Structures are given as structure tokens and as C-alpha cells.
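Reviewing the structure listed below.
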Amino acid sequence: MKSSFLTTVFALALALAPQAAAQTTGTSQKTETRTRTETRTQREIEREAERQAEREERERDRQEREREQEEARRETRVRSAAVERTSSAEAQAVVSLCLSQGDVIVRGWDKKEVRARAEGAGNVRLLTPNVQPAPRVEVLVADDEGEEPDSGDCGSADQIELMVPRGATVNVRTQNGHIDVSDVSDARAEALSGDVEVRRIAKAVTISCLSGDVSVTDVSGPVHATTVSGSVEARNARSLSAGDGFEAKSTSGDVTIENVGHSEVIAAAISGSLLYTGALARGGAYDFKTISGDVTLELPPDSSFTLHAKVVVSGDINTDFPVKTLAVGGGVPASGSSGGPSSPPGAPLPGATPMPPPQGGRVKPGKMKPPKEPEQVRLDGTVGSGDATVNMSSFSGSLHLRKL
Amino acid sequence: MTKRCIDEGLLQAYMDGELSGEHAAEAAAHVASCDACAAALAEFENDSAFFSAAFAPDDSISVPTEVLRSRVNASVAQLEDARGFGRGRSNGRSFDGFLASLSGLFSFTPQRAAAFASVLAVVAAGIIYFAVIKQKDTDGGPRPSSGEIASGDAQKDTPKVIQSEVTPTPEVVTDAGGPKKESAKVVDVNYKPRRRVNKTERTTTPEAKKELGLPGEKDYWSAIASLETTIKMGGDRTLKPALRVQYERNLAILDSAIEQTRKVAAQNPKDKDAVGFLMSAYQSKVELLTKVADQAQVAALGR
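The listed protein sequences derive, respectively, from chains A and B.
All you need for the working numbering is the position in the first sequence, starting with 1, plus 706.
All you need for the working numbering is the position in the second sequence, starting with 1, plus 7.
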């Protein structure tokens, strides 16, 4: 009797052991998947927190810069009156100015004259060649009233206002001060420490900042706007010819582009996010690249483009557009939110239709296995008829395609 | 008057009392009347008395076969009572009999319990011992024989072998001699000292970088080195304090980006995107250094 009972218990244990092991494995797999999802979400939260901290840091730097400039103005000797100089100039004259300290305001007007008005400066000199009207005007500022500055000198002032012909090309360099240029033909601004704002520029814009924000509004022609520490914002830019390019870069700062009609657009950041809003030019080439940050494109619903999107280390690719995938590599499932935790792996894109297989190749949309480690993610495909070409890439960040 | 004498065997049987009553009477009557048979009978009695005296000590001891027989009988009786079988049952080859024999093994007496516990203890000790030995083999490589283990201070001078698991990249080696060192991994006399190298040195020395440079990196390194030299010439007057802080912060951001992208690009040199990110980071650094270098030149000229 005793032996029969023992035999029965032993047999039951052998029968139930595999089931218990299978349940444990399934539970551990679910836990592992949940942990991986939570880890990815946590990573996104941490990345966003880092960027927010960087934005706050830049804001503090800007306030510190403002304080320094204010203190510099207060430390400057009191000038009895503003100094003003005027010189005739060609309609397309080249006007240049260099300041070590002080803000610069440049305005275009209908006169064929260059007028310089300096506040807090000892002397102002307009250096021109011995030709009238002058094709070139170099604005020189001196601290002392009796001092005659030489070509290339960078004086200081509280503020200098230049009135130049609308067709003029303006070259402004400051070491510590803001630059504000509007209503001229060609604006070239270089600020070591200070913001740069250009508006209503007719032919070309070239801006370079070390520490400061850049703002470009209502401009035409090629645009090159770069800053190291600061944001770049560009709105309503148009190209004059097919070869005009638009380039906006920041090392640590966000880049925001809105309603830019150029056929060649480059936006890049090292540590910052990129945001593009507006239509794509037919046949245009768009390149968005950031090392640490997100890339977001907000496009009209009827946009047509060929997409090459890639995340190198970590991040997701989210799209509101139906993308006809050419190739889904890196183990990315063909889903509306590839790599995201909410999308079921292997789910087809909304409205996606499989492309005919290329010669010598195989296309298996929706049949890709999800990767074990969803790190490098890429998506290549077309939206609509694929008129424009959009390259989006982030080393560590997510890519978003949204409909306006 | 003589009858035929009694046979010798009959005479001994008569003497041993083994004859029936009638025959014993006839034998007695004959012995009384026959001198020869009487003499023979007397001789037999004398022999029997002689041997009886010789074997008298042995007669006091119980015959072993008798003792053994009684014990066996008692055990059999006990066994039969325990099984509840009748005496007439056979110990056949039936299954019940087999199980009965097995179940008898699990009837634990104190002696059997002690023996079983001892066996279990020995088995457990053996398992633990082999498990520990296997763990040592997995962690420490080959186990030295007792004759090769150095002890105490002599351990420090004893040459060590770089284990096969050690990666070629050098590691920081602490100099703390302690018990860990004496859990010896010394196996051989081939001495290969570990090179003490700082990790940051390994990653940032120009010499190391040049050895591992990706295509295009060397040009950037040269440009960066040249620009940094120019910036140093400008001194502290190059940038104002607040601007210098921002410059250094951005430099750190760029260096971090270069490091991260370089790591990925080195693993996948054919990945154009990864290499592109690295070159973009380098380019941004060059642009930043160029701006500051221009300023440094201005500051240097202004002295």
C-alpha cells in the first residue's frame, strides 16, 4: 500500500514538472519584454529631461550675457551726444562694421546714402575710397573723440545704428553685442556673443554665432545660419534660383524651420532637436541630422516624398503617413510606429501596399521579425509619388513624421 | 552347553540398548551361559568407558548445530509472524513476495537509520566538494598543484601568467596585495607584466588615436591640434569669462559626441551614417575652434 502511494506521487510529479517550467518561462519572457519597454520609455524620458536641462542652461547663459552687456554699458564713459556721420554710396554698396562692444542695428532705406549714428562712442569715421558715390563704406568707431580709427579697428559703443541703401550688402561683426539687420539685400552677420536677427533680406543671409540665438524671417535667396550655443529659428524663406540652399545648424540648441521654400534644405544639430514645418518643394532634397535629439517634420497631408529615416543607436521612428516600404532593415517591423511599444510587431503600415520586388531582391513587408535589441532602426520608403527626398537621421533620438 | 555365540554387532547393540525386548532377553540369557560372549561384552563395556572418559569435557558443551538450529527456527517463526503468512506458504517468485521483500528494506530500525544518514552525509559532502572544485576551475583557470603555490611574501615575487580571458587592452592594475593574490593563479614561469595604463590616456593620446584612426580622422586631428595651439597663444584674453564657460561647455558636448559616434563608427566602419555623424561632430568642433582661434589671434595682436 505504502509503495503504491509513493509510485503514484512520483508519476504525478513527472507529469506536472514540464508545465510548471513552461509557465515560468512565459512569465519571464513577459517580464523581459515589459522591462525592455519600460527601459526604452525611461530612456526617452531621460533624454527629454537632458534636453530640457540644456535649454534651461542656455537660457541662463543668455540672461548672464544680458547682464554682462548691461554692466558693460554702465561701465562705458558717458558720451555727451550721439555721433553721426553720413556718406553717399551706391545702391549696391558694401557696408562693413566691426564692434568689440555694443549692439548694431542696420536698416535699409531708399536713399543712396550711408548714415552711421553711434551712441556712447567717442568718434565715428566712414572710410570710403576716393570714388563717389562710394561702392564700399567701412564704418569705424573710436572710444575717444579725437581718435581717428583705422581700417580694421573694432571700437566700442553702446549702440550703432546704420541706415544703408536697400540694395546694400552689410557685413557686421561684433564681439559682445546684438545684431539686428533688416530691409537690405545681403546680410552677413558674425557675433561672438550676442543674438542675431535678420528680417526682410532680399538676396542672401549668412549668420555665424558663437553664443547667441539666430532668427531669420522673411528672407530670400541662400541662407546659412549657424550658431554654437543657441537656437536657430527661420520662418518664411524663399529661394531665388534653383541652386539656392538653406542651411541651419546649431551645436547645442534647437533648430526650427517653418515655411521654407528652398529646394535644398539642411538642418543639423549636435545636441538639439530639429523641427520642420511646411510643404516640401517638388523635387527638393531635405537633410535633417542630429546626434542627440529628435527630428520632427510636420507636413501637409498631400505631401509626396521618398523617405530615408535612420536611428543609429536608440530611438523610434513614428509616422502618420503611409509609407510604402522599399526595405525595412535592422529588424524594424513595418508598423505605423516602428520600434514603439504600442505597435504590434509585424503589423502593416496604414494603407501600405507591398512594392513589387526589385530585380534580384526580395521584399517582405510586415514579415520582419522584431529585433532582440531594438537599437539601430531605419525606414526607407515612399509617400505618395515620392517627389522630394527626405533624409532624417538621429544618432540618439526619435524621428517623427506628422501631418499638419 | 554352547549355542552359537552372539554376533559382535548384536552384542554392541545389546550393550547400547538398541535391541527389542525379546531379543534383548535372549541375548542376556546367552551371555549368562556363554563365557566367550560374556568376556566380549565385558571388553566392549571397558572400551566404551574409556572413550566416554576421554570425551567427557566435550559432552558438557552444546552442540553448535543445535544452537544454530534453535536460532534459525526462532527467526523463521518471527518472520512468519511478521508477514502473517501461514507456515505452509512458499517464498515463491510472486510479485507480492517481491514487494514484501522491498518493503522490508524501508522498515527503519535505529541502526538502519544511522547507516542511511551516514551514507547521505557522505554523498552530500562529495557533491559539495566537486561543486567547489568546479567553481574554482571556472573562475581561476587551472588549479595549481599544492607544490606550486607560493605563500606569503614570496607570492609577490612569483611570476604570474596572464590568463587567456584577459583582453589585449591593458587594464588598470591595483597594487593592493592581499588575499586575492594569494588565491593563486600562478601556473607558469612565463612572466608578462601588466602594463599600467590610464583609461583616459588610452583613449585620448594622439599616438593611440593615430593608431586607431578612421579614414579622415587624422586630418581633423591635425586641424584641431593646430587650432588649439593658436587658441593657447591668445591666453585668457581670448574670451571673456562667461563666453569661455560656454565655449568649454560646447567643447565638452562636442567631445562627448565625437566619443559616442566614434565608438559606433569604429564597430561599423562601413556604416555611412555612423561615420557621417562622427565627421559632422569633428567638423563642428573645427568650426568652433576656428571661431575662437580667430579671436585668439586678435587678442594676441592686441597685447
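Beta carbons: idealized from backbone N, C-alpha and C, even for Gly.
None of the values given here were measured: they were computed from a predicted structure.
Span separating the alpha-carbon of residue i from that of residue j
i	j	result
A/Ala-840	A/Gly-984	42 Å
B/Ala-303	B/Arg-251	12 Å
A/Thr-923	A/Gly-808	23 Å
A/Thr-996	A/Ser-891	31 Å
A/Ala-1094	B/Ala-264	30 Å
A/Glu-819	B/Leu-258	43 Å
B/Glu-294	B/Gly-220	20 Å
A/Ala-973	A/Glu-825	38 Å
B/Lys-4	B/Ile-260	What the structure shows of chain B is the stretch from 8 to 310, and residue 4 of chain B is not part of that stretch, so it cannot be assessed.
A/Leu-846	A/Gly-927	29 Å
A/Ala-893	A/His-884	14 Å
B/Leu-48	B/Glu-29	19 Å
B/Gln-267	A/Val-1017	14 Å
A/Val-925	B/Ser-287	27 Å
A/Ala-948	A/Glu-754	37 Å
B/Gln-231	A/Val-938	The displayed chain sequence assigns Ile, not Gln, to residue 231 of chain B. B/Ile-231 and A/Val-938: Cα-Cα distance of roughly 25 Å.
B/Phe-284	B/Lys-141	48 Å
A/Ser-1104	A/Lys-909	35 Å
A/Gly-1090	A/Glu-770	49 Å
A/Leu-1085	A/Ser-935	31 Å
A/Lys-993	A/Val-904	According to the sequence provided, residue 993 of chain A is Asp. The question's Lys does not apply to it. Whole-angstrom Cα-Cα distance: 23 Å.
A/Arg-757	A/Ile-866	36 Å
A/Met-1074	A/Glu-750	Residue placement at A/Met-1074 cannot be trusted, given a pLDDT of 34 that sits under 50; what the coordinates show is reported in the next sentence. Their backbone Cα atoms lie some 24 Å apart in a straight line.
B/Ser-27	B/Ala-84	38 Å
B/Leu-296	A/Gly-990	33 Å
A/Gly-951	A/Glu-970	5 Å
A/Ser-979	B/Ala-306	34 Å
A/Ser-956	B/Val-139	59 Å
A/Gly-861	A/Val-961	32 Å
A/Glu-854	A/Gly-828	10 Å
B/Ile-134	B/Pro-117	26 Å
B/Glu-15	B/Ser-40	16 Å
B/Phe-51	B/Ala-34	15 Å
Selection from the options that minimises the alpha carbon distance to residue i
i	options	result
B/Val-299	B/Ala-49, B/Leu-234, B/Thr-116	B/Leu-234
B/Ala-36	B/Leu-18, B/Glu-50, B/Ala-84	B/Leu-18
A/Val-876	A/Asp-950, A/Leu-1107, A/Val-911, A/Leu-1105	A/Val-911
B/Pro-276	B/Val-305, B/Pro-222, B/Glu-50	B/Pro-222
A/Glu-798	A/Lys-1016, A/Asp-816, A/Ile-811	In the sequence as displayed, the identity of residue 798 of chain A is Gln instead of Glu. Comparing Cα-Cα distances from A/Gln-798 to each of A/Lys-1016, A/Asp-816, A/Ile-811, the minimum goes to A/Asp-816.
A/His-930	A/Leu-898, A/His-968, A/Ser-917, A/Gly-900	A/His-968
A/Leu-832	A/Val-812, A/Val-810, A/Ser-857	A/Ser-857
A/Ser-977	A/Ser-1091, A/Gly-999, A/Asp-1086	A/Gly-999
A/Glu-964	A/Gln-775, A/Leu-1003, A/Gly-900	A/Leu-1003
A/Arg-813	A/Pro-871, A/Ser-1099, A/Glu-752, A/Val-966	A/Pro-871
A/Pro-1007	A/Pro-1028, A/Arg-761, A/Ala-822, A/Asp-960	A/Pro-1028
B/Ala-32	B/Ala-43, B/Ala-20, B/Asp-42	B/Ala-20
B/Ala-281	A/Ser-958, A/Thr-1012, A/Ser-1020	A/Ser-1020
A/Val-966	A/Leu-986, A/Ser-958, A/Gly-959, A/Ala-975	A/Leu-986
A/Ala-848	A/Val-830, A/Val-1096, A/Gly-900	A/Val-830
A/Arg-906	A/Glu-776, A/Ala-897, A/Ala-874, A/Ser-1102	A/Ala-874
Any non-hydrogen atom of the ligand ADP closer than 7 Å to residue i Cβ
i	result
B/Leu-234	In terms of ligand content, the structure shown is empty, and the ligand ADP therefore cannot be addressed.
Test: residue i CB closer than 8 Å to a CB of chain D
i	result
A/Ser-1020	This model lacks chain D altogether, as its protein chains are A and B.
The stretch 937-944 of chain A / the stretch 789-796 of chain A touching (three or more Cβ pairs under 8 Å):
no
Counting only Cβ-Cβ distances shorter than 7 Å, please list the residues of the stretch 795-818 of chain A near chain B, keeping chain order.
none
Segment contact, 8 Å Cβ cut-off, at least three pairs: the stretch 760-767 of chain A with the stretch 828-842 of chain A
no
Using a Cβ-Cβ cut-off of less than 8 Å, list which residues of the stretch 974-1006 of chain A approach chain B; keep chain order.
Ala-974, Ile-976, Ser-977, Lys-995, Ile-997, Ser-998
Select from the stretch 899-929 of chain A all residues with a C-beta closer than 8 Å to any C-beta belonging to chain B, and list them in chain order.
Ser-899, Ser-914, Leu-916, Ser-917
Interface residues of the stretch 750-779 of chain A facing chain B [CB-CB below 7 Å]:
Asp-767, Glu-770, Arg-771, Glu-774
Residues of the stretch 253-281 of chain B whose Cβ lies closer than 8 Å to any Cβ of chain A, in chain order:
Along the stretch 253-281 of chain B, the positions whose C-beta sits under 8 Å from a C-beta of chain A are Gln-253, Tyr-254, Arg-256, Asn-257, Ile-260, Leu-261, Ala-264, Gln-267, Thr-268, Val-271, Asp-278, Asp-280, Ala-281, read in chain order.
Residues within the stretch 950-966 of chain A neighbouring chain B, beta-carbon criterion of under 8 Å
Lys-955, Thr-957, Ser-958
Give the residues from the stretch 279-309 of chain B that approach chain A closer than 7 Å (Cβ to any Cβ), ordered along the chain.
Asp-280, Ala-281, Phe-284, Ser-287, Ala-288, Ser-291, Leu-295, Lys-298, Gln-302
Interfacial residues, the stretch 116-139 of chain B to chain A, with Cβ spacing under 7 Å:
none
Interface residues of the stretch 1092-1103 of chain A facing chain B [CB-CB below 7 Å]
Cβ contacts with chain B come from Ser-1099, Phe-1101.
Of the residues that make up the stretch 846-857 of chain A, which ones have a beta carbon closer than 8 Å to any beta carbon in chain B?
none
If contact means a Cβ-Cβ distance below 9 Å, which residues of the stretch 227-245 of chain B contact chain A?
If the cut-off is 9 Å between Cβ atoms, the stretch 227-245 of chain B has nothing near chain A.
Which whole runs of the beta strand (DSSP E) in the stretch 872-899 of chain A are 3 residues long or more, in chain order?
Counting only runs of 3 or more, we get 875-882, 885-888, 892-899.
Please give the ranges of any alpha helix (DSSP H) in the stretch 238-290 of chain B, keeping only runs that are unbroken, at least 4 residues long and fully inside the region.
Runs of alpha helix (DSSP H) with 4 or more residues, each lying fully within the stretch 238-290 of chain B, are found at 248-274, listed in chain order.
Scan the stretch 912-953 of chain A and note each continuous beta strand (DSSP E) run of 3 residues or more that stays entirely inside, going in chain order.
920-926, 929-935, 938-944
Between the stretch 860-873 of chain A and chain B, which residues of the former have CB atoms less than 7 Å from a CB of the latter, in chain order?
none
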